[in-house]
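Protein sequences appear in the order of chains V and A. For the first sequence, the working numbering assigns the number 1 to the initial residue and increments by one for each residue that follows. For the second sequence, the working numbering assigns the number 1 to the initial residue and increments by one for each residue that follows. Glycine included, C-beta positions come from ideal geometry on N, C-alpha and C. A quick write-up on the structure given underneath.
2 protein chains.
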Amino acid sequence: MVKVMNIIQTIASIPLFEGLPDNYCESLGLIAVRKTYARGQMFFSEGDDGIGFYIILSGKVKVFKLSADGKEQIFHILEDKEPFGEAAVFAGEHYPASAQALVETSAIFFPRPKFVELILSQPSLALSMLALLSLRLRKLTLLVENLSLKEVPGRLAAYLIFLNDRNNHSKSIELDVSKNQMAGLLGTIPETISRILKRMSEEKLIKMSTRSISIIDKKGLADLAEGVRRLA
Amino acid sequence: MVKVMNIIQTIASIPLFEGLPDNYCESLGLIAVRKTYARGQMFFSEGDDGIGFYIILSGKVKVFKLSADGKEQIFHILEDKEPFGEAAVFAGEHYPASAQALVETSAIFFPRPKFVELILSQPSLALSMLALLSLRLRKLTLLVENLSLKEVPGRLAAYLIFLNDRNNHSKSIELDVSKNQMAGLLGTIPETISRILKRMSEEKLIKMSTRSISIIDKKGLADLAEGVRRLA
DNA sequence: GTTGTTCCTTGACTTAAGTCAAATATAAAT
DNA sequence: ATTTATATTTGACTTAAGTCAAGGAACAAC
């Protein structure tokens with residue numbers, strides 16, 4: 001029972017379920033299953049039946065698709081307390097993309113049938129899910145915008161600013177994803193990332209250290225991201 | 001009252017609200033407002049407050065974003081009974097993109113506050129909305145995949161097949177959107193569309209008439225869309 | 001340390017697709 | 001029909017970014 005209690009407390013602390021009455025958190029706890037995935041292990045693959053969704057407790061997960069020739073487009077890189085696979089629970093039968101652990105990751109799993117049942121009895125939970133999906137939609141919209149409206153330096157600048165904003169606006173950005181992953185997220189290749197980061201350094205927009213990047217001219221980066229300025 | 005009755009019947013026929021109890025359709029009818037938009041008129045612009053969402057009764061609407069230098073990325077082109085602006089109702093405060101009537105369009109509008117209220121009292125309505133948002137998410141996922149994993153001929157092939165499938169798999173596709181719009185949707189420019197359609201004709205994948213396109217080699221197109229084959 | 005592995009950088013080359021500009025074609029208006 | 005406007009096609013040119021291939025770091029294991 002100790003383990004169940006832990007899950008319930010954990011659930012209550014997840015933004016998605018915030019403000020739910022205690023007894024519903026308990027119901028959630030009862031249908032939730034804790035799982036651990038090793039680095040590189042797949043949660044699910046594109047086309048699999050959508051049997052439920054996950055919420056990350058710790059670790060890092062990438063959601064992506066592969067093209068016929070093996071190129072990979074990453075849609076999201078997700079961390080603590082972020083859910084994934086949730087769209088498949090409501091829409092179609094299958095997961096539209098694949099999900100893989102980038103590092104050892106622990107997550108809780110909510111099986112579809114029981115969760116849908118719960119939703120039906122609890123409108124405010126439904127409202128939370130609606131807000132969540134809307135947010136995802138917004139994030140994806142941003143990605144589409146980036147991919148088609150901006151060239152790579154702009155996308156990269158936007159991503160650096162995103163990372164910076166997420167880390168409390170501290171001047172230095174930890175590069176906890178490989179340039180390979182970065183490239184996949186930005187719809188390009190690692191070589192291009194390298195070259196652009198170099199140009200950004202030359203133009204004194206950023207300073208590079210081994211495992212991190214410092215933003216020197218945030219305005220300049222923002223201009224790049226807006227497509228206002230371009231890189232020499 | 002006649003007008004209200006019409007709206008209620010209309011609402012009951014919309015997939016999004018299918019299977020709802022009559023009294024809820026009536027409630028929806030009471031908060032719904034019918035509006036008409038001229039060709040070129042804006043429903044809302046990116047950044048506007050998300051005051052509600054629309055469902056198309058007749059006409060055609062494009063949802064898009066503009067870059068700093070005026071390039072336009074179209075996210076969806078929507079027709080009868082399709083909703084738009086719904087994400088803004090739940091997520092943030094603002095519409096993430098703009099919506100404009102491509103032809104004279106009539107729609108019903110649901111104001112946010114009253115709709116949210118309704119959702120809270122009716123879980124199965126919430127479930128419909130969840131499914132809808134998931135579907136949107138899926139469509140966008142596809143767009144991202146197209147934009148980054150495939151080159152333009154592949155995207156165009158995928159789009160032609162999409163149009164074909166939508167129109168009951170009839171051999172000929174009506175080009176009811178300009179090549180300009182098409183280009184915007186596929187993240188490219190009209191010139192490129194022209195050239196690729198020409199090459200597709202030369203390779204006997206399609207046959208072009210003035211206002212329509214016939215698919216000759218569907219398999220060939222599908223191969224292009226999958227990225228299996230390439231255009232000479 | 002030294003070895004092996006993985007990741008990152010750099011260079012030379014190629015190419016898809018964008019820009020600019022001009023010529024046609026189609027549709028709309030009088 | 002003739003004119004006007006709008007869309008489409010075509011050509012010549014440019015360029016961002018991809019491919020291929022070779023060196024260099026960084027890191028882990030022994």
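Quiz item: Any contact of the segment 3-18 of chain A with the segment 170-186 of chain V, i.e. 3+ C-beta pairs under 8 Å?
Solution: A contact is defined here as three or more CB-CB pairs under 8 Å, and the segment 3-18 of chain A fails this definition with respect to the segment 170-186 of chain V.
Self-check item: Residue nearest to A:E93 in terms of C-alpha spacing, selected from A:L160, A:R166, A:D48
Solution: Position 93 of the second sequence, counting from 1, holds the residue named residue 93 of chain A. The option with the nearest alpha carbon to A:E93 is A:D48.
Self-check item: For V:I55 and V:L197, the rounded distance between their alpha carbons
Solution: Reading the first sequence from its first residue, position 197 is the one you call residue 197 of chain V. Reading the first sequence from its first residue, position 55 is the one you call residue 55 of chain V. Put simply, the backbone Cα of V:L197 is about 33 Å away from that of V:I55.
Quiz prompt | Beta-bridge pairing of V:H94 - partner residues as DSSP gives them | solution = As a first step, residue 94 of chain V is located in the first sequence; it is residue number 94 there, counting from the start. Note: V:H94 sits in a beta bridge opposite V:D49.
Quiz item: So with Cβ pairs under 7 Å, would you call A:G227 a contact of chain V?
Solution: Sequence index remark: in the second sequence, residue 227 of chain A carries index 227 (1-based). True, the Cβ-Cβ gap to chain V drops below 7 Å.
Quiz item: Where are the alpha helix (DSSP H) runs, 4 residues long or more, that stay fully inside the segment 96-158 of chain V, in chain order?
Solution: Listed in chain order, the complete alpha helix (DSSP H) runs (minimum 4 residues) inside the segment 96-158 of chain V are 112-121, 123-149.
Self-check item: Contact under 7 Å by Cβ, V:G220 with V:L205
Solution: Along the first sequence, one-based indexing puts residue 220 of chain V at 220. Along the first sequence, one-based indexing puts residue 205 of chain V at 205. Yes. Within cutoff.
Practice problem: Could you name the residues that DSSP lists as bridge partners for A:Y37? | Solution: As a first step, residue 37 of chain A is located in the second sequence; it is residue number 37 there, counting from the start. A:Y37 is bridged to A:T105.
Quiz item: Taking only beta-carbon atoms, is V:S27 less than 7 Å away from chain A?
Solution: Position 27 of the first sequence, counting from 1, holds the residue named residue 27 of chain V. V:S27 has a beta carbon lying at 7 Å or more from every beta carbon in chain A.
Quiz item: Between A:P123 and chain V, is there a C-beta pair that is closer than 7 Å?
Solution: In the second sequence, the residue the question calls residue 123 of chain A occupies position 123. For A:P123, the nearest beta carbon of chain V is closer than 7 Å to its own beta carbon.
Quiz item: Measuring CA to CA, which of A:I77, A:V89, A:E117 is closest to A:Q100?
Solution: On the second sequence, position 100 is the one that residue 100 of chain A refers to. That would be A:I77, whose Cα lies nearest to the Cα of A:Q100.
Quiz item: Got a sec: is the Cβ-Cβ distance from A:Q73 to anything in chain V below 7 Å?
Solution: Here residue 73 of chain A refers to the residue found at position 73 of the second sequence. Chain V, which has a Cβ nearer than 7 Å to the Cβ of A:Q73, makes this yes.
Practice problem: State the beta-bridge partners of A:K62 as determined by DSSP. | Solution: The residue given as residue 62 of chain A occupies position 62 in the second sequence. DSSP lists A:I77, A:Q100 as partners of A:K62.
Quiz item: What's the C-alpha gap between A:S27 and V:Y37?
Solution: Here residue 27 of chain A refers to the residue found at position 27 of the second sequence. Here residue 37 of chain V refers to the residue found at position 37 of the first sequence. If I take the Cα positions, the gap works out to 47 Å.
Quiz item: Who are the Cβ neighbours of V:P15 in its own chain at under 7 Å, not counting the five residues just before and after it?
Solution: As a first step, residue 15 of chain V is located in the first sequence; it is residue number 15 there, counting from the start. The residues are K81.
Quiz item: Nearest to V:K207 by alpha carbon, out of V:P190, V:L175, V:C25, V:D223?
Solution: Position 207 of the first sequence, counted from the start, is the residue given in the question as residue 207 of chain V. V:K207 has its Cα closest to that of V:L175, out of V:P190, V:L175, V:C25, V:D223.
Quiz item: Using the beta-carbon of each residue, which ones in chain A are nearer than 8 Å to V:A68?
Solution: Here residue 68 of chain V refers to the residue found at position 68 of the first sequence. Chain A residues near V:A68: E226, G227, V228.
Quiz item: If you draw a straight line from the C-alpha of V:T105 to the C-alpha of V:G40, how long is it?
Solution: Here residue 105 of chain V refers to the residue found at position 105 when the first sequence is read from its first residue. Here residue 40 of chain V refers to the residue found at position 40 when the first sequence is read from its first residue. Taking the straight line from one Cα to the other gives about 10 Å.
Quiz prompt | Contacts of V:T141 in chain A (Cβ-Cβ under 9 Å) | solution = Here the question's residue 141 of chain V lines up with position 141 in the first sequence. Those within 9 Å of V:T141 in chain A are K65, F75, A87, P96, A97, L140.
Practice problem: Work out the CA separation of A:E202 and A:A87 for me, nearest whole Å. | Solution: Translated into the one-based positions of the second sequence, residue 87 of chain A becomes position 87. Translated into the one-based positions of the second sequence, residue 202 of chain A becomes position 202. Going by C-alpha positions, A:A87 is about 43 Å away from A:E202.
Quiz item: What residues of chain A sit near V:V144, judged by a beta carbon separation below 7 Å?
Solution: As a working mapping, residue 144 of chain V is identified with position 144 in the first sequence. Per Cβ cutoff of 7 Å: Q73, F75, L140, L143, V144, L147.
Quiz prompt | A:V33, buried or exposed, once every other Cβ within 10 Å from all chains shown has been counted against 16 | solution = Indexing the second sequence from 1 puts residue 33 of chain A at position 33. Taking all protein chains shown into account, A:V33 has fewer than 16 neighbouring C-beta atoms within 10 Å of its C-beta and is therefore exposed.
Practice problem: Check whether the segment 107-114 of chain V touches the segment 155-167 of chain A, counting contact only when three or more Cβ pairs, one atom from each stretch, lie closer than 8 Å. | Solution: By the Cβ test, the segment 107-114 of chain V is not in contact with the segment 155-167 of chain A, since fewer than three Cβ pairs between them sit closer than 8 Å.
Exercise. Scan the segment 156-225 of chain V and note each continuous alpha helix (DSSP H) run of 4 residues or more that stays entirely inside, going in chain order.
Key: The segment 156-225 of chain V is shown to contain whole alpha helix (DSSP H) runs of 4 or more residues at 179-186, 190-202, in chain order.
Quiz item: Is V:P15 helix, strand or coil by DSSP?
Solution: Counted from its first residue, the first sequence places residue 15 of chain V at position 15. Helix, per DSSP.
Quiz prompt | Through-space distance from A:F64 to V:I31, alpha-carbon basis | solution = In the first sequence, the residue the question calls residue 31 of chain V occupies position 31. In the second sequence, the residue the question calls residue 64 of chain A occupies position 64. V:I31 and A:F64 have their alpha carbons spaced roughly 40 Å apart.
Self-check item: Within 7 Å, strictly: CB atoms of V:P153 and V:L66
Solution: Start at 1 with the first residue of the first sequence, and residue 153 of chain V comes out as number 153. Start at 1 with the first residue of the first sequence, and residue 66 of chain V comes out as number 66. Contact: no.
Quiz prompt | Chain-ordered neighbours of V:S134 on chain A, where CB pairs are closer than 7 Å | solution = Translated into the one-based positions of the first sequence, residue 134 of chain V becomes position 134. Against chain A, a Cβ distance below 7 Å from V:S134 picks out A87, F90, A91, L133.
Self-check item: Cross-chain neighbours of V:M129 in chain A, by beta carbon under 7 Å
Solution: One-based indexing of the first sequence puts residue 129 of chain V at position 129. Residues of chain A passing the Cβ test: L130.
Quiz prompt | Same chain, Cβ closer than 7 Å to V:D217, five either side skipped, listed in chain order | solution = Mapped onto the first sequence, residue 217 of chain V falls at position 217. Listed in chain order, the non-local C-beta contacts of V:D217 below 7 Å within the same chain comprise K204, L205, local neighbours out to five positions each way being set aside.
Practice problem: Would you grab the beta carbon distance between A:R138 and V:A68 for me? Rounded to a whole angstrom, and I think it's under 8 Å. | Solution: As a working mapping, residue 138 of chain A is identified with position 138 in the second sequence. As a working mapping, residue 68 of chain V is identified with position 68 in the first sequence. For a cut-off of 8 Å, the C-beta gap from A:R138 to V:A68 is around 20 Å, too long to register as a contact.
Quiz item: Quick one, are the C-beta atoms of A:L143 and V:V144 less than 7 Å apart?
Solution: Counted from its first residue, the second sequence places residue 143 of chain A at position 143. Counted from its first residue, the first sequence places residue 144 of chain V at position 144. Yes, they are a contact pair.
Quiz item: What number of angstroms, rounded off, separates the C-alpha of A:L57 from the C-alpha of V:L57?
Solution: Stepping through the second sequence from its first residue, residue 57 of chain A is reached at position 57. Stepping through the first sequence from its first residue, residue 57 of chain V is reached at position 57. Cα to Cα, A:L57 sits roughly 44 Å from V:L57.
Quiz item: Distance, Cα to Cα, A:L140 vs A:M129?
Solution: The sequence position of residue 140 of chain A within the second sequence is 140, counting from 1. The sequence position of residue 129 of chain A within the second sequence is 129, counting from 1. Answer to the nearest angstrom: the Cα atoms are 17 Å apart.
Practice problem: May I ask you to list, following chain order, the residues of the segment 108-119 of chain V that have a beta carbon less than 7 Å from some beta carbon of chain A? | Solution: Here the close residues are I119.
Exercise. With DSSP as the reference, label V:L244 as helix, strand or coil.
Key: With chain V covering only 1 through 232, there is no way to say anything about residue 244 of chain V.
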